[in-house]
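**Student:** Numbering (our numbering), first residue to last: 13 to 234.
Glycine is no exception: its CB is placed at the ideal position from the N, C-alpha and C atoms.
Predicted model, so just to flag it, every value in this text is computed and none were measured.
This is the structure I want to talk about, given as structure tokens.
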Ligand code: G3P
């Protein structure tokens with residue numbers, strides 16, 4: 013992924029799945045083309061191949077299971093995500109948490125499959141632990157702020173800046189992102205000012221009356 017970056021997590025909103033999700037992906041592609049900014053989408057798993065086929069911006073899975081190929085049922089394998097054309101995956105999002113040992117195995121399986129890894133962490137301590145597993149990105153997202161109207165960059169700016177410091181102290185190769193409550197270009201600008209190299213967001217765009225205007229404003233902060 014090119015940084016600084018906005019990762020739009022589609023989650024499982026009505027407005028971001030199926031045909032509505034495809035329309036949103038095309039909005040993201042338009043904004044990326046018009047602004048030249050790095051915009052990446054994380055659609056629902058079932059829509060991964062569709063999005064890769066239909067839009068020319070990077071696509072991430074929202075989760076993968078740490079399995080190989082073979083006799084597994086009902087899982088999402090790193091190799092299948094890679095085959096879909098996605099560039100990587102979120103891991104341990106606060107809405108899809110894993111025990112630390114599973115995070116480590118998942119990062120390893122993704123590396124073997126050639127997937128970029130964005131490990132999400134609820135707090136600074138978890139961000140440090142996650143960084144020790146060698147992911148490409150660690151994204152700190154205080155769960156109590158997710159979906160709300162107050163950005164992590166306003167409510168807890170020290171969480172962002174301290175996560176950057178501590179993560180870089182554990183593994184300087186890990187890029188730090190942040191998210192939760194990010195709603196406008198000023199929130200994004202502050203995230204960059206605090207040392208992160210991008211943001212994860214969802215409701216500020218997915219649930220916006222005018223999704224394109226909302227994303228253009230956010231992209232203006234990169
Ligand atoms: O993965 C990003 C997401 O959890 C943030 O959600 O709605 O606060 O932008 P939201």
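Determine the DSSP secondary structure at residue 101, reduced to helix, strand or coil.
**Tutor:** strand
**Student:** In three-state DSSP terms, what is residue 194?
**Tutor:** coil
**Student:** Can residue 98 and residue 130 be called in contact, C-beta distance under 7 Å?
**Tutor:** no
**Student:** Look up residue 128 in the DSSP assignment and give the residues it is bridged to.
**Tutor:** 100
**Student:** Quick check on DSSP: helix, strand or coil for residue 15?
**Tutor:** coil
**Student:** Just how far apart, CA to CA, sit residue 59 and residue 140?
**Tutor:** 32 Å
**Student:** Check this for me: beta carbons of residue 19 and residue 40, under 7 Å apart or not?
**Tutor:** no
**Student:** Would you check if there are 3 or more beta carbon pairs closer than 8 Å linking the segment 199-208 to the segment 162-171?
**Tutor:** yes
**Student:** What number of angstroms, rounded off, separates the C-alpha of residue 224 from the C-alpha of residue 128?
**Tutor:** 27 Å
**Student:** Mind listing, in chain order, the continuous beta strand (DSSP E) runs of no fewer than 3 residues lying wholly within the segment 21-80?
**Tutor:** 50-54
**Student:** Does the Cβ of residue 191 lie closer than 6 Å to at least one heavy atom of ligand 1?
**Tutor:** yes
**Student:** Report the residue ranges of all beta strand (DSSP E) runs contained in full by the segment 140-211; include only those spanning at least 3 residues, in chain order.
**Tutor:** 149-152, 187-191
**Student:** Below 8 Å, how does it come out for the segment 77-85 and the segment 27-37: are there three or more Cβ pairs, yes or no?
**Tutor:** No, the segment 77-85 is not in contact with the segment 27-37.
**Student:** Along the chain, where does the alpha helix (DSSP H) containing residue 231 start, and where does it finish?
**Tutor:** 223-231
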